[in-house]
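Here is the structure we will look at.
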Amino acid sequence: MLGTLLIVSGPSGSGKTTLCRRAEAAGHTAYSISCTTRQPRPGEKDGVDYHFLTPDVFAAKVAAGEFLEHATVHGNSYGTLKADIIELLQQGKNVVMDIDVQGAASIRACDDAIIRRAYADVYIHVPSAELEARLRGRQTDSEEVIQLRLHNAAEEDARQGEYQYALISGDREADYSKFLALLAALAMRTQLA
Ligand code: 5GP
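Residues in the sequence shown are numbered from -5 upward in steps of one, following my numbering.
Structure (structure tokens):
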């Protein structure tokens, strides 16, 4: 039985990372650790939050075709290693990938048979005033970065229709319940047998 590959997108501040991490901590899913060229934020650890790579190492992996998808987000490179994902799916694990709309679009276009069978996607939508409050509340980003993220969020929201599912974000616990319900339903798909 193949695991489910659930792509989770939504703007920075949508809580998508928290949803993915919580489902993983509860044993429902395996989380795929992305590679990035951005600098670690305070408290972030290499190999836990991301594989933090230099631009040269990242470029070598792109050239070797090692990424399932890769994209530039906020001026930095991000990508997911294909071999990592396929191995987890073949072990029957459910994999959640927290990636942006560009990354989701490229995985949707992937012609690998295992990826296509396992694939599903959900967009986490946050009403704009709520999103701004969340971004300011976490106090990790400068005003310039907050404005850039709000601008990017509006662009990402416009592509919500590309996703199979939308989760309208409100209360944290309600969001998590809906997320688990979606994972449970996806695991019942006959195409995974
Ligand atoms: P942050 O730097 O705030 O952790 O993430 C910035 C953006 O990069 C987020 O929208 C996040 O979803 C996206 N991102 C994280 N990992 C990946 C990845 O592997 N591929 C792509 N395409 N985007 C990613």
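All C-beta atoms in this analysis are idealised placements derived from N, C-alpha and C, irrespective of residue type, glycine included.
In this structure, the straight-line span from the alpha carbon of Tyr72 to that of Leu83 is close to 21 Å. For Tyr157, there is no enclosing beta strand (DSSP E), as DSSP marks it with neither H nor E. In the DSSP assignment, Ile1 is bridged to Met91, Asp115. Around the C-beta of Asp165, fewer than 16 other C-beta atoms lie within 10 Å, and the residue is accordingly described as exposed.
Shortest Cα-Cα distance from Ala187 to any of Ala24, Lys10, Arg111 involves Arg111.
Secondary structure at Asp40: strand, using DSSP grouped into helix, strand and coil. Of the heavy atoms belonging to ligand 1, at least one sits nearer than 7 Å to the Cβ of Arg32. When the alpha-carbon of Ile101 is set against those of Glu63, Asp43, Ile108, Met91, the nearest one is in Glu63.
Only residues of its own chain outside the window of five on either side were considered, and among them Ile1, Ser3, Asp115 have a CB closer than 6 Å to the CB of Ala98, listed in chain order.
For the pair of segments examined, the stretch 142 to 152 was found to touch the stretch 5 to 16: the number of CB pairs separated by less than 8 Å reaches three. Bounds of the beta strand (DSSP E) holding Glu63 are 61 to 67. DSSP places Ile162 within a strand segment (E or B) once states are collapsed to three. Here Glu124 is exposed, its C-beta having fewer than 16 other C-beta atoms within 10 Å. Rounded to whole angstroms, the separation of the alpha carbons of Arg153 and Leu(-1) is 20 Å.
When beta bridges are read from the DSSP output, Phe173 appears opposite no residue. DSSP, reduced to helix, strand and coil, places Leu82 within a helical segment of the structure shown. In the three-state DSSP reduction, Leu144 falls in the helix class (H, G or I). DSSP, read as helix, strand or coil, puts Gly7 in coil.
Within its own chain, no residue has a Cβ closer than 8 Å to the Cβ of Glu81 once the five positions on either side in sequence are excluded.
Between the stretch 30 to 39 and the stretch 176 to 187 there are fewer than three inter-stretch CB-CB distances shorter than 8 Å, so the stretches are not counted as touching.
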